[in-house]
Structures are given as C-alpha cells and as structure tokens.
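Residue numbers (this note's numbering), protein chains in the order written: chain A, 2 to 250; chain B, 3 to 435. Even glycine gets a Cβ: it sits at the ideal position worked out from N, Cα and C. For reference, the structure is listed below as structure tokens.
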Amino acid sequence: MTAPAVELIDLHKNFGATKIIRGVSLAVQAGERHAIIGPNGAGKSTLFNVISGRLVPTSGTVQLNGEDITGLPPHQINRRGLSRSFQVTNIFPRLSVWENVRCAVLWSLGHKYAFWRSIEGLADVRERTETILEAVDLTDRRRVQAGVLTYAEQRALEIGVTIAGGAGTLLLDEPSAGMSVAEATRAVALIRKVSSGCTLIMIEHDMGVVFDIADRISVLVHGQIIASDIPARIKQNSEVQAAYLGGAP
Amino acid sequence: MPAPRSLSSAVAIAIVRLAAPWIALAAVFLILPTIFHSGSALTMLSLIGIMIVFTLSYNMLLGETGLLSFGHAVYYGLGGFLAVHAMNTVIRNALPVPLLVVPLVGGFSGLLFGIIFGSVSTRRAGTVFAMISLGLGELVASSSLILRGFFGGEEGVSTNRTKLLHVFGLNFGPQIQVYYLIAGWCLLCMATMYALTRTPFGRMCNAVRENPERVQFVGYNPRMLRFIAFSLAGLFAGIAGALAAINFELVNSAEVGAGQSGLVLLAAYIGGIGSFIGPVIGAILVTWLEVMLSDVTDVWQLYFGLLFIGMVMFAPNGIAGLLTMHAPLWQARAYGSMLRLALAYLVALVPALVLLAGLILVIEMTYHLSVKMSEGRTISVFHVALDSGSAMPWVVAAVLTCGGFWLFRLTWPVVGAAWHVALVRAQAERRTK
Numbered sequence: 002m003t004a005p006a007v008e009l010i011d012l013h014k015n016f017g018a019t020k021i022i023r024g025v026s027l028a029v030q031a032g033e034r035h036a037i038i039g040p041n042g043a044g045k046s047t048l049f050n051v052i053s054g055r056l057v058p059t060s061g062t063v064q065l066n067g068e069d070i071t072g073l074p075p076h077q078i079n080r081r082g083l084s085r086s087f088q089v090t091n092i093f094p095r096l097s098v099w100e101n102v103r104c105a106v107l108w109s110l111g112h113k114y115a116f117w118r119s120i121e122g123l124a125d126v127r128e129r130t131e132t133i134l135e136a137v138d139l140t141d142r143r144r145v146q147a148g149v150l151t152y153a154e155q156r157a158l159e160i161g162v163t164i165a166g167g168a169g170t171l172l173l174d175e176p177s178a179g180m181s182v183a184e185a186t187r188a189v190a191l192i193r194k195v196s197s198g199c200t201l202i203m204i205e206h207d208m209g210v211v212f213d214i215a216d217r218i219s220v221l222v223h224g225q226i227i228a229s230d231i232p233a234r235i236k237q238n239s240e241v242q243a244a245y246l247g248g249a250p
Numbered sequence: 003m004p005a006p007r008s009l010s011s012a013v014a015i016a017i018v019r020l021a022a023p024w025i026a027l028a029a030v031f032l033i034l035p036t037i038f039h040s041g042s043a044l045t046m047l048s049l050i051g052i053m054i055v056f057t058l059s060y061n062m063l064l065g066e067t068g069l070l071s072f073g074h075a076v077y078y079g080l081g082g083f084l085a086v087h088a089m090n091t092v093i094r095n096a097l098p099v100p101l102l103v104v105p106l107v108g109g110f111s112g113l114l115f116g117i118i119f120g121s122v123s124t125r126r127a128g129t130v131f132a133m134i135s136l137g138l139g140e141l142v143a144s145s146s147l148i149l150r151g152f153f154g155g156e157e158g159v160s161t162n163r164t165k166l167l168h169v170f171g172l173n174f175g176p177q178i179q180v181y182y183l184i185a186g187w188c189l190l191c192m193a194t195m196y197a198l199t200r201t202p203f204g205r206m207c208n209a210v211r212e213n214p215e216r217v218q219f220v221g222y223n224p225r226m227l228r229f230i231a232f233s234l235a236g237l238f239a240g241i242a243g244a245l246a247a248i249n250f251e252l253v254n255s256a257e258v259g260a261g262q263s264g265l266v267l268l269a270a271y272i273g274g275i276g277s278f279i280g281p282v283i284g285a286i287l288v289t290w291l292e293v294m295l296s297d298v299t300d301v302w303q304l305y306f307g308l309l310f311i312g313m314v315m316f317a318p319n320g321i322a323g324l325l326t327m328h329a330p331l332w333q334a335r336a337y338g339s340m341l342r343l344a345l346a347y348l349v350a351l352v353p354a355l356v357l358l359a360g361l362i363l364v365i366e367m368t369y370h371l372s373v374k375m376s377e378g379r380t381i382s383v384f385h386v387a388l389d390s391g392s393a394m395p396w397v398v399a400a401v402l403t404c405g406g407f408w409l410f411r412l413t414w415p416v417v418g419a420a421w422h423v424a425l426v427r428a429q430a431e432r433r434t435k
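So this is what it looks like as structure tokens:
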C-alpha cells in the first residue's frame with residue numbers, strides 16, 4: 002500500500018504557554034479532496050502553517066508521501082511537491098500577473114538560480130505560464146499589475162501561483178473567503194479543475210463549497226480533530242453539530 | 003525551405019534588437035570625447051563611467067532585490083586597493099599583464115568579499131541587513147586606518163598605470179586612453195548587469211523584493227537569492243573600484259568609507275531605483291554636480307543632501323520615475339496638451355528658481371559667517387559681492403526664499419490641473435486610436 006500523501010502524527014504547536022494544535026493525527030490519501038472545517042480560532046491556519054513549513058511544530062511529525070518533512074523550511078517542502086495558498090492574498094503585488102505566475106513555475110522546471118540564461122528564451126517557462134494563466138482564466142489580464150486586480154481575480158491568481166509549480170499536494174486556505182455567491186461558484190469550478198489528479202487539503206468556511214468539493218471532512222475544534230469522515234456522516238455527527246454546524250444551521 | 007530560414011531570420015532580428023541599444027551606446031561612448039575634448043571634460047566623463055558601474059551595482063541590491071545597504075563602498079574600495087596592489091606587484095616583477103585586465107582583479111576581490119560578508123549579512127533582509135551593512139562598512143573603514151601596510155594609512159596606496167605591459171601601443175598615460183578603457187568596461191558591465199535582470203535569477207530577485215515570504219512557497223530560498231545578488235553586486239562594485247584606482251593612480255581609505263557608501267545611495271535614489279536607466283541618470287547627475295559644485299562652493303554636500311530630501315519627498319521614483327510618468331503622453335502623441343503642460347512647468351519653474359536663489363544665499367552667507375569670517379565679511383554669490391555681515395543681503399535672501407516658496411506654492415494647482423488635463427486627453431486619444 003502506498004503511503005498517504007500527507008500524514009500528520011500527534012502534531013502539537015504551542016505559542017508560549019498557549020496550545021494551539023493539541024495532538025492532531027490525520028492521514029490524507031493521494032488523490033483525496035480533504036476539507037478542514039472548524040470555528041474561528043480552532044487552529045486551522047496554524048495547522049496549515051505547520052504542514053507547509055511556515056511554522057515549526059512543537060512536537061509530532063509531518064510526512065509527505067511517506068517522507069518526514071517536519072521542520073523543513075518552506076522552500077524545501079515546496080520542492081518536495083507541496084504547495085499552498087494563503088487566506089490573505091499573498092502574491093507579488095507590483096509584478097504583472099504574467100510575472101507572478103512565471104516566478105512560480107521557474108523552480109519546478111529546473112531553472113533554479115540561473116543567472117546565465119535569458120528568461121525570455123525559455124520556451125518551457127513561457128508555455129507553462131500560458132497554461133496556468135489559461136487555467137485560472139487570467140490570460141486577458143496578463144499585463145496588469147497584480148496589485149490592481151479585482152479581489153476575485155487576485156484570489157484566482159493566488160491559486161494560479163499555488164498550482165504553477167505542478168505540486169502533487171495542494172493546501173488551499175479559504176479559497177472562497179470574501180467572495181460573493183457567484184464568485185464562490187466559479188471558484189469551486191476552478192478548484193475542481195486545477196486539483197484534478199492532485200491531493201487537495203482545503204480550509205473553508207463556506208459549507209456549500211465544502212460539501213460540494215470534499216471527499217472527506219475533518220473538523221478541528223480547539224486544536225483537536227473531533228471528527229474525520231465523509232461529508233454525509235459529518236453532517237449527521239451530533240458532536241460536530243454541537244461544536245460547529247449547530248451555530249450556523 | 004522557407005520555414006527554417008524565416009526562423010533563423012527571426013532569431014537574427016531578435017539579436018539585432020537586443021544588441022541595437024548597446025551598439026548605439028558604444029557609438030555614444032566612442033564619439034563623446036570628440037565633443038567634450040577638454041582635459042577636465044575627459045576626467046568628468048571617466049568619473050561618470052566609473053560611477054555608472056558603481057551605481058548600477060548598488061541598484062542590483064536596492065532596486066532589484068530590495069536590499070538597503072549602507073556599506074557598498076566596502077566592495078568598491080577593496081576592489082580598488084587590491085587592484086592597486088596587483089598593479090604594483092605586476093610592475094615590481096615586470097609580469098606580462100596589461101592594464102586592460104586589471105579591473106578583473108577588482109571584480110574578483112569585490113566578488114570574494116561579497117561572498118564572505120554576504121554569507122553573514124544576507125541571512126536577513128530589511129532593517130537587520132541595513133544595520134549589518136553599516137557595521138561591516140564601519141569595520142572595514144576603521145581597519146583601513148589600522149592595517150597601514152595594506153591600506154597605506156592616511157595617504158593611501160599609489161601606483162603608476164603606465165608601467166604595465168603595453169599592448170596595442172597603449173601606455174595609458176593620456177587621459178583619453180584611460181577614458182576609453184573605462185568606457186569599454188562600463189559598457190561591458192552595463193550590458194551584463196542589464197542581462198542579469200532578464201534571467202530567472204534576476205526576476206526572482208524582484209520577487210524577493212516584492213514578497214520574500216511567497217518566494218519560499220514557490221520553491222526558492224530568499225536567502226540564497228539575496229546572497230547571489232549581494233556577491234554579484236560586490237563583483238561589479240569591485241570593477242568600478244579598480245577603474246577608479248586606474249583613473250586616479252591612487253586609492254585611499256576614503257574609498258571604503260561611509261561617504262562613498264552614502265554617495266552611491268544618493269546617486270541611485272536620485273536617478274530612480276525602479277528602472278535600469280535610473281541609476282545611470284543618477285550617476286551622471288551626481289558626478290557632474292560633485293565636480294561642478296565642489297568647484298563653486300565648499301558646502302556642496304549640503305546641496306546634495308537637500309536634493310536628496312527633495313527627491314525622497316516629492317519624487318520617490320527619482321528622475322527616471324518623473325520621465326516615465328510622462329510616457330503615456332508621448333505614447334498618445336498628445337502634443338497639444340504636452341505643450342500646455344510644459345508651459346505650466348515653466349510657470350512653476352520661475353518661482354522655484356527664485357526660491358532656490360534665496361536658499362543658496364542663506365546657505366552661503368551662513369557658511370561664510372560661521373566658518374570663513376577670517377577672510378572678511380564680503381562674499382561673492384552669483385558673481386555679486388555681498389556683505390554677509392550687514393542686514394540687507396539677509397533681508398533679500400529671506401524675501402527671495404519666502405516669496406519664492408509662496409509663489410511656487412501658488413503654481414502647484416496650475417501644474418496639477420495641466421497634468422490632469424493632459425493625462426485625460428492622452429487616455430481619451432488612446433481609446434479612440
């Protein structure tokens with residue numbers, strides 16, 4: 002049996018005396034679309050930060066495709082095939098849309114720190130960048146400075162930058178946050194499209210989006226996973242309803 | 003077969019397009035001395051060439067990678083010192099090394115020290131980096147007064163550039179030969195530094211400047227990018243330092259000092275750090291001002307400071323930024339509104355010059371009264387003899403300054419309105435085309 006795409010083993014993260022993540026164990030199989038839900042302050046974003054290397058866990062293990070990546074810096078985790086997006090849009094605001102995506106494809110195509118070859122001459126980079134822009138529907142906006150895009154466009158670019166490196170595992174932090182219903186519907190379609198063939202873990206508040214996309218759902222409350230199951234059973238779980246869904250019927 | 007042929011011609015066109023600006027620049031460098039052929043003009047052109055390389059190397063850090071360094075003269079100065087020592091070694095042992103390649107010694111020295119100091123200082127960006135660069139600058143500047151064997155103490159280390167191996171019949175005695183040596187290296191460095199901005203590395207430096215955190219999540223190590231940028235900036239600063247050593251045949255401790263580090267920061271910023279041409283403009287202007295102003299006033303650095311403050315406050319994108327601001331008007335060919343805008347600028351320029359004249363009077367008279375009283379109270383400003391001890395010149399200065407500022411302030415809405423109209427017209431014409 003192949004190793005899970007992402008496996009968390011008894012993960013803890015403290016900030017001083019405050020325990021944010023309190024023993025999370027979770028296995029996400031390759032190709033699975035997994036949603037993490039939970040009330041504000043449950044530690045969802047902290048969990049993402051620990052998995053993606055932005056934060057070093059206090060204890061516990063993070064494995065990516067069976068390999069221990071606990072405590073590695075973000076760029077090394079990214080190179081091993083895990084890419085993430087951010088809840089607050091985190092792009093290169095003064096670079097063009099085109100350059101934003103191009104920066105994100107370079108490493109995966111093996112160009113690394115090359116200072117001896119022209120970037121304009123790299124056909125693979127150009128093609129890949131075009132494909133990604135096409136996928137996130139920003140081809141017409143390629144010359145625009147990323148900082149002046151509309152909010153929904155910036156969110157799409159955020160996803161574009163995240164998937165550009167061709168990572169096998171994607172972590173999306175609230176991809177539909179702050180969107181209107183119509184925008185969220187489009188975002189769902191986009192997420193479906195770009196995550197096909199990938200393992201997807203997403204944090205999401207919009208239950209419509211969650212039940213639409215996820216194969217499995219984990220509920221994080223006070224730094225612990227209180228349930229992890231298929232959507233239908235999560236809906237019926239009384240503990241989940243009490244802790245979370247009950248507040249927003 | 004038409005297909006491969008059109009492909010190769012497309013490649014040829016692309017190459018010509020890439021090379022054309024550099025060929026044009028080479029032609030300019032070539033004919034400049036025939037236009038400005040006086041000794042002082044040649045010296046000035048040589049200094050400008052050196053400063054262009056130095057300022058562009060600095061902008062690899064500040065403009066491209068977002069690293070504010072207060073100690074870039076370290077690599078310039080050390081490049082100069084090692085070049086001078088290399089030249090003296092070559093002369094002493096009669097080694098077959100021509101002067102043409104001496105800048106390589108400076109470049110390697112700058113690169114080496116860039117690697118050594120960069121490995122320490124580029125771990126962090128922002129304020130930490132700036133502080134470390136300041137500390138390293140002070141460290142080297144103070145050791146230049148301690149390690150007298152290497153730095154030559156107060157008087158520095160001198161050399162004789164004519165005693166190296168002569169090739170192509172060049173002995174580099176006349177300034178014109180030195181000018182062409184500097185121009186050649188300047189062109190090479192400019193083209194290389196420009197090319198660097200168009201590489202995967204160069205583009206990722208921009209990304210690090212914009213958002214170092216996101217860079218990590220697309221697979222790059224920001225520290226490594228900063229480190230490479232820092233080392234390469236050291237290399238080009240070292241070349242500039244070696245060119246200066248060849249030009250002056252002397253290097254002293256001032257060249258590694260804070261003054262030199264500050265000057266290159268001023269030049270880059272005044273020219274504009276947001277584009278490649280900005281630091282070039284800054285280097286030309288600052289060198290020209292330095293030479294011209296230091297001839298006419300002792301407090302030229304004060305004017306530099308005022309210029310810098312003015313730029314930071316009113317034109318943070320530098321002269322290049324001011325120029326590119328007008329690009330939409332050019333592109334729309336809105337000549338009518340451009341003319342009106344130019345008139346508005348002229349209207350604003352007159353009171354601005356009055357204000358400037360008043361400020362100069364105040365500065366010069368204050369300086370004279372506080373420092374040079376022993377030479378008498380009379381000073382000459384704009385070829386007019388003034389008694390700095392009497393009240394009248396001060397009243398005039400105050401009226402010019404305050405009145406100039408008041409009038410200047412009144413012209414701002416005029417300029418603003420003209421600018422607005424011009425921009426709206428340009429956008430409208432662009433849409434119709």
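Query, Result
"Could you tell me the boundaries of the alpha helix (DSSP H) in which M180(A) lies?", "Run containing M180(A): none; DSSP gives neither H nor E here."
"Leaving out the 5 sequence neighbours to the left and right, which residues in its chain are closer than 7 Å to N162(B) when beta-carbon positions are compared?", "I93 and E251"
"Anything in the segment 87-98 of chain A with a Cβ closer than 7 Å to a Cβ of chain B? List those residues in chain order, please.", "N91, I92, F93, P94, R95 and L96"
"Check the Cβ of P74(A) against every Cβ in chain B and list those closer than 8 Å, keeping chain order.", "Q218 and N223"
"Below 7 Å CB to CB, which residues in the same chain sit around A249(A) once its five sequence neighbours on both sides are set aside?", "For A249(A), the predicted model reports a pLDDT of 45, less than 50, meaning its position is unreliable and no value from the coordinates is stated."
"Measuring only the C-alpha atoms, how far is W414(B) from A350(B)?", "7 Å"
"Below 8 Å on the Cβ atoms is my contact criterion, and I expect N50(A) with F219(B) to pass it. Report the Cβ-Cβ distance as a whole number of Å.", "Actually they are not in contact, since the Cβ atoms of N50(A) and F219(B) sit about 11 Å apart, beyond 8 Å."
"Under three-state DSSP, which class holds S255(B)?", "helix"
"So with CB distances below 7 Å, who are the chain A contacts of L357(B)?", "Within chain A, no residue comes near L357(B); the closest Cβ sits about 34 Å away, beyond 7 Å."
"If you drop the 5 nearest sequence neighbours on each side, which residues of the same chain put their C-beta closer than 7 Å to that of Y178(B)?", "According to the sequence shown, residue 178(B) is Ile rather than Tyr. Excluding sequence neighbours, I178(B) sits near P35 and L44."
"Would you tell me roughly how many angstroms separate the C-alpha atoms of L9(A) and V162(A), rounded to the nearest one?", "25 Å"
"In angstroms with no decimal places, state the Cα-to-Cα distance between A317(B) and A269(B).", "14 Å"
"Tell me the DSSP secondary structure of A5(B) in three-state form.", "Residue confidence for A5(B) is low, a pLDDT of 49 falling below 50, so the modelled location carries little weight; the figure read from the coordinates is stated next. Here A5(B) sits in helix by DSSP."
"Which value, in whole angstroms, describes the spacing of the CA atoms of T170(A) and G32(A)?", "8 Å"
"With 16 as the cutoff for other CB atoms within 10 Å, does G312(B) come out buried or exposed?", "exposed"
"Go through its chain and collect everything with a Cβ distance to Q30(A)'s Cβ below 8 Å, but skip five positions before and after it.", "P5, A6 and T200"
"Give me the chain B residues within the contact set of C104(A), using Cβ-Cβ distance strictly less than 7 Å, ordered along the chain.", "R205, M206, A209 and V220"
"Residues of chain B with a CB under 8 Å from the CB of G166(A): which are they?", "V220 and G221"
"In chain C, what lies closer than 7 Å to R200(B) by C-beta?", "Absence of chain C from the displayed structure is noted, the protein chains being A and B."
"Could you name the residues of chain B that R85(A) contacts, counting a contact when the two beta carbons are closer than 7 Å?", "F219"
"Can you tell me which of the three DSSP states R23(A) falls into?", "strand"
"Express the C-alpha separation of I283(B) and V416(B) in angstroms, rounding to a whole number.", "28 Å"
"With a threshold of 6 Å on Cβ separation, who are the neighbours of W24(B) within its own chain once the five nearest residues in sequence on each side are excluded?", "A193"
"Which whole-angstrom value is the C-beta distance of K14(A) and L56(A), which I expect to be below 8 Å?", "6 Å"
"Nearest to A244(B) by CA position, among S48(B), L32(B) and I33(B), is which residue?", "S48(B)"
"According to DSSP, simplified to helix, strand and coil, what is A22(B)?", "helix"
"Using a Cβ-Cβ cut-off of 8 Å, state whether Y114(A) counts as contacting chain B.", "yes"
"If you draw a straight line from the alpha carbon of P4(B) to that of W187(B), how long is it in whole angstroms?", "Below a pLDDT of 50, predicted positions are generally treated as unreliable, and P4(B), at 46, falls in that range; the measurement from the model is reported next regardless. Taking the straight line from one Cα to the other gives about 41 Å."
"Taking three-plus beta-carbon pairs below 8 Å as touching, is the segment 284-292 of chain B in contact with the segment 93-106 of chain B?", "no"
"Assess, as a yes-or-no matter, whether the segment 54-63 of chain B is touched by the segment 300-309 of chain B under the definition of 3 or more beta carbon pairs within less than 8 Å.", "no"
"Return the chain-ordered ranges of every alpha helix (DSSP H) run that is complete within the segment 280-323 of chain B and spans a minimum of 4 residues.", "302-316"
"Could you give the first and the last residue of the continuous beta strand (DSSP E) run that contains A193(B)?", "From DSSP, A193(B) is part of no beta strand (DSSP E) but of the alpha helix (DSSP H) over Q177 to T199."
"Can you pull the chain A neighbours of L227(B), defined as C-beta to C-beta under 9 Å?", "Y114"
"For R142(A) and chain B, any beta-carbon pair shorter than 8 Å?", "no"
"If the cut is a Cβ gap below 8 Å, which residues of chain B does S46(A) touch?", "What S46(A) touches in chain B: nothing, since even the nearest Cβ is about 14 Å away."
"Find the residues of chain A that neighbour N213(B), judging by a C-beta separation of less than 8 Å, and give them in chain order.", "N91, I92, F93 and P94"
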